[in-house]
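Residue numbers for the sequence shown follow my numbering, beginning at 92 and rising by one.
Note that CB positions come from ideal geometry on N, CA and C, so glycine has one too.
Down below is the structure, laid out as C-alpha cells.
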Amino acid sequence: MQNSFDYIIVGAGSAGCVLARRLIDTQQVTVCLIEAGVSDSNPLIHIPFGVALLSRMTSINWNYNTAPQTQLDNRSLYWPRGKVMGGSSSVNAMCYIRGQYSDYDDWAASGAIGWNAECVIPLFKLSEDNTRGESTFHGVGGPLGVSDLRYHDSLSQAFIASGQSVQLPHISDFNTHERVGVGLYQVSHRNGQRCSTAKGYIAPVKDDPNLTILSNTLVHRVLINEQTAMGVECTIDGSSTQLFANNEVLLCGGAINSPQILMLSGIGDKNHLAKYHIECLSDIPSVGQHLQDHLDVIVQVKCKTASGYALMPRLVPKYIHHAAKYATTRDGLMSSNVAEAGGFAYSQLGTADKPDLQFHFIPGIIVDHGRGIEFDYGFGVHVCHLYPKSQGYIRLQSNSPLAHPEIQPNYLSHPDDLIALVDGVKLAMTMLASSAFSAYTPSPWQPSLPLENMTDEQIIAFIKSQAQTVYHPVGTCRMGQIDDPTTVVDPHCNVKHIKRLRVVDASVMPSIIGGNTNAPTIMIAEKIAQHIIAQLT
Ligand SMILES: Cc1cc2nc3c(=O)[nH]c(=O)nc-3n(C[C@H](O)[C@H](O)[C@H](O)COP(=O)(O)OP(=O)(O)OC[C@H]3O[C@@H](n4cnc5c(N)ncnc54)[C@H](O)[C@@H]3O)c2cc1C
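Below you can see the structure in the form of C-alpha cells.
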C-alpha cells in the first residue's frame, strides 16, 4: 500500500470530510483520509427518523462518559460521538444552525483574526445548497444539502403557537440576524435524507485516484521530528503502520480526540505527559483545556391523546404506512429529524444581541438520549444554556491510544449557568402549559409538578438530577494569538511551535457559539481549506 501522501487527514467527521473534498478538488495533491470508525452503510444514518435509534448503535459511536459531575448529583453523563464515516455529522440531529453572528466577532476580538462575522458568512454560504435558494444569508450549489423539513408533527406546530405565551414570535429562518423566537428548524438534508459531510462532500469524489480513504484505522500519534510533523502511526486491521505526509498532517478528530492525539504525540502539559511516560516535544499546557459544552435539560409532559412519536402499539400502523411512503417518496414521518422545532430566548443573563437559551421541541418522550424506552404518549422541550461560563478539560488517563481520555466538563461550576437554566425551565414549563397544547391534555411528568407549585429550589433539584449534554463540546485546542497562553493553534489552525501540523475541527473554537455546532465546524474547515489551497498556487 502507498505509504506517503501530500496531506494526511485524521478523522473523517464534519471537518475532515470538508478538507479532504476541497483538497481533492484542486487535482494537485494526494490525500489520505483516515477514520477510526466504519463506513456509513447503516440505513438508520441516512433515514432522518433513524436518529431516534442511533444512540443504540454502539458500533458507530465512541460511547464516552464524563467524569462524575459534582454539581449534577455526582452523575457521569453519556457523551455520544460519531465513530463512522461522517463522524458526528452522521449521528447528529441535523438541525442547521450557525450561531449568533456576533459570536464570530467575539472570536476575532479574542485573537482569532479573520474569523469575524463578515469573513465567515460567505464560507457558510459556500458550503451550503439551500433549497430556499440564494439570498443574503444562504447559498446554493455547495456540497451540504440544507432544506426545510418535508414533514413535521402537529405537536411541533403547537409548540410554535405556544411561543405566544412567553412573547416569542414565529421565526422562519434562524440563520439571519433576527432569531429570538420559535419556529421549525432547517435541517442538513438532501432529497429527504441526512446529508452528513461523508455524503455531501466525500461520496461524489470517493473514487478519485488522488484520494485514499482508510476506515477502521485508528491513529495513535503524530510522528514528529525536529518540531515538524512527518506523518502518523496508526493501526490498520490490527497491524501497526506508519504513514508519511509530504506537506501536512491535519488533525480533525473532534473536541475529545484531537487533544488526546496531541498529548499522545508529546504535545501538551509537560507535567501531565510525564505522568504517563510520554516525552514532551512541545510544552503547551492549554492542550485539552477550555472545554465548553451546552448543558441541557428536558421538560417533558405526558398526555392521553394518541399523538406524536410515541412507542405505542396503536401507532404501529402509522409507522408502517410512513415507512412505505418514505421508501417511495422520501417524504412523510420518516423524513423528520424528530427535533423539528425550537427557538431562542433570553434568560435574565442574556444580553441584547445574545439570546442565551435554545429550545429543541420533541413530539415524543425521550429517555436517556433514546437509549431508554417509555411506553406512553407525551412531548417535551429541551432547554439549553448557550453561553456557559463553566469550563472543563480533556486529559489522558493512560498512554494507550485505545483508552478513553478523562472528560471533565465541570458543568455548573459557575453559578450563572444554573441561573440561566432555571429561567429556561420556567419558560418551557409555561409554554407546555399554555392553551396551544390544551387539545393534547398534557400533564406534568418531568418535573412532576406544575410551575405554580414549584419553588426555585425544586427546579434546581430537577436540573441537577436530569441535565444532560446537548452534544456540543468545543474549545479544547483553542484558536487565537500564539502568545496567548490559553491557545493551542494560531488563526490558521497551525499547532503552536510545530511545523506542518494543524488542528481543524470543533476543538479550535475560541469560545462556544450560541447554537448547534455542526455548520460552524464545517465553516471552520472551509476556511482552512481555502487557506491551504491558496498556499499551493
Ligand atoms: C448525538 C448528537 C447530536 C447532535 N446534533 C446536532 C445538530 O442537530 N446540529 C448541529 O449543528 N450539531 C449537532 N451535533 C454536534 C455536531 O455534530 C458536532 O459539533 C460536529 O459534528 C463536530 O465535528 P468535528 O469534525 O469536530 O468532529 P466529528 O464529526 O466527531 O469527527 C471526528 C472524527 O474523527 C474520528 N477520529 C477520532 N479519533 C480518531 C483517531 N484516533 N483515528 C482516526 N479517526 C479518529 C472520529 O471517529 C470522527 O469520525 C450533535 C452531535 C451529536 C453527537
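For this session: Check whether the Cβ of Ile125 sits closer than 6 Å to any heavy atom of ligand 1, and report yes or no.
Result: yes
For this session: Please look up how many angstroms separate the CB atoms of His563 and His368, rounded, as I've assumed it's under 8 Å.
Result: No, His563 and His368 are not in contact; Cβ-Cβ is about 33 Å, not under 8 Å.
Problem set entry | Whole-angstrom C-beta distance between Gly141 and Asp596, which should lie under 8 Å | Actually they do not touch by this definition, with Cβ atoms about 24 Å apart.
Exercise. So, helix, strand or coil for Ala674, using DSSP?
Worked result: No statement about residue 674 is possible, as the shown extent of the chain runs from 92 to 628 and does not include it.
For this session: Could you tell me how far apart the beta carbons of Ile262 and Val278 are, in whole angstroms, since I believe they sit closer than 8 Å?
Result: Not confirmed; about 15 Å, so no contact.
Exercise. Quick one: Cα of Pro134 to Cα of Asp444, how far?
Worked result: 40 Å
For this session: With DSSP as the reference, please indicate the residues paired to Tyr155 in a beta bridge.
Result: Trp170
For this session: Please state whether DSSP places Glu543 in a helix, a strand or coil.
Result: helix
Exercise. Which first and last residues belong to the beta strand (DSSP E) in which Cys108 is found?
Worked result: Element bounds for Cys108: not the beta strand (DSSP E) but the alpha helix (DSSP H), Ser105 to Asp116.
For this session: Could you spell out where the beta strand (DSSP E) holding Lys395 opens and where it closes?
Result: Premise fails: Lys395 is in no beta strand (DSSP E) and is neither H nor E.
For this session: Using the Cα positions of Lys416 and Ser426, report the straight-line distance between them to the nearest angstrom.
Result: 10 Å
Problem set entry | Asp596 Cβ short of 6 Å to ligand 1 heavy atom set | yes
Exercise. How long is the line joining the alpha carbons of Tyr242 and Arg223, rounded to whole angstroms?
Worked result: 16 Å
Exercise. Would the beta-carbon of Leu309 be found less than 6 Å away from any heavy atom of ligand 1?
Worked result: yes
Exercise. Fully enclosed by the segment 542–602, which beta strand (DSSP E) runs are 3 residues long or longer?
Worked result: 592–594
Exercise. How big is the Cα-Cα spacing for Gln383 and Gly441?
Worked result: 18 Å
Problem set entry | Proximity of Asp467 and Lys393 at Cβ, strictly below 7 Å | yes
For this session: Keeping to the same chain, check which residues put their C-beta closer than 8 Å to that of His268; ignore five residues upstream and five downstream.
Result: Tyr192
For this session: With a floor of 3 residues, list each beta strand (DSSP E) that falls wholly inside the segment 454–480, ordered by position along the chain.
Result: 469–476
Exercise. Closest by CA to Asp197, which one among Ile619, Lys618, Gly605 and Gly455?
Worked result: Gly605
Exercise. Residues in its own chain within less than 6 Å of Gly483 by CB, not counting five upstream and five downstream?
Worked result: Leu382, Gln499, Pro500 and Asn501
Exercise. Nearest to Gly345 by alpha carbon, out of Asn94, Ile624, Arg593 and Leu627?
Worked result: Arg593
Exercise. Which one of Lys361, Gly471 and Gly233 has the shortest CA to CA distance from Trp536?
Worked result: Gly471
Exercise. Would you say the beta carbon of Pro300 comes nearer than 6 Å to a heavy atom of ligand 1?
Worked result: no
For this session: Can you check DSSP and say which residues form a bridge with Pro535?
Result: Val392
Problem set entry | Whole-angstrom C-beta distance between Ile603 and Gly571, which should lie under 8 Å | The Cβ separation is near 14 Å, so there is no contact.
Exercise. Can you tell me whether DSSP reads Leu402 as helix, strand or coil?
Worked result: coil
Exercise. Are Pro446 and Val237 close, meaning C-beta to C-beta below 7 Å?
Worked result: no
Exercise. How many Å lie between Thr521 and Ser256 at the Cα?
Worked result: 7 Å
Exercise. What span of residues does the alpha helix (DSSP H) with Asp507 cover, start to end?
Worked result: Pro506 to Leu523
Exercise. What are the partner residues of Thr288, as DSSP defines its beta bridges?
Worked result: The partner list for Thr288 (beta bridge, DSSP) is empty, contrary to what the question assumes.
For this session: Could you tell me the boundaries of the alpha helix (DSSP H) in which Ile619 lies?
Result: Asn609 to Leu627
For this session: Using only the heavy atoms of ligand 1, determine whether one of them is closer than 6 Å to the beta carbon of Lys174.
Result: yes
For this session: Tell me whether Ser539 is buried or exposed, calling it buried when 16 or more other Cβ atoms sit within 10 Å of its Cβ.
Result: exposed
For this session: Give the DSSP-derived three-state secondary structure of Ala336 in the structure shown.
Result: strand
Exercise. DSSP beta-bridge partners for Lys445?
Worked result: Thr442
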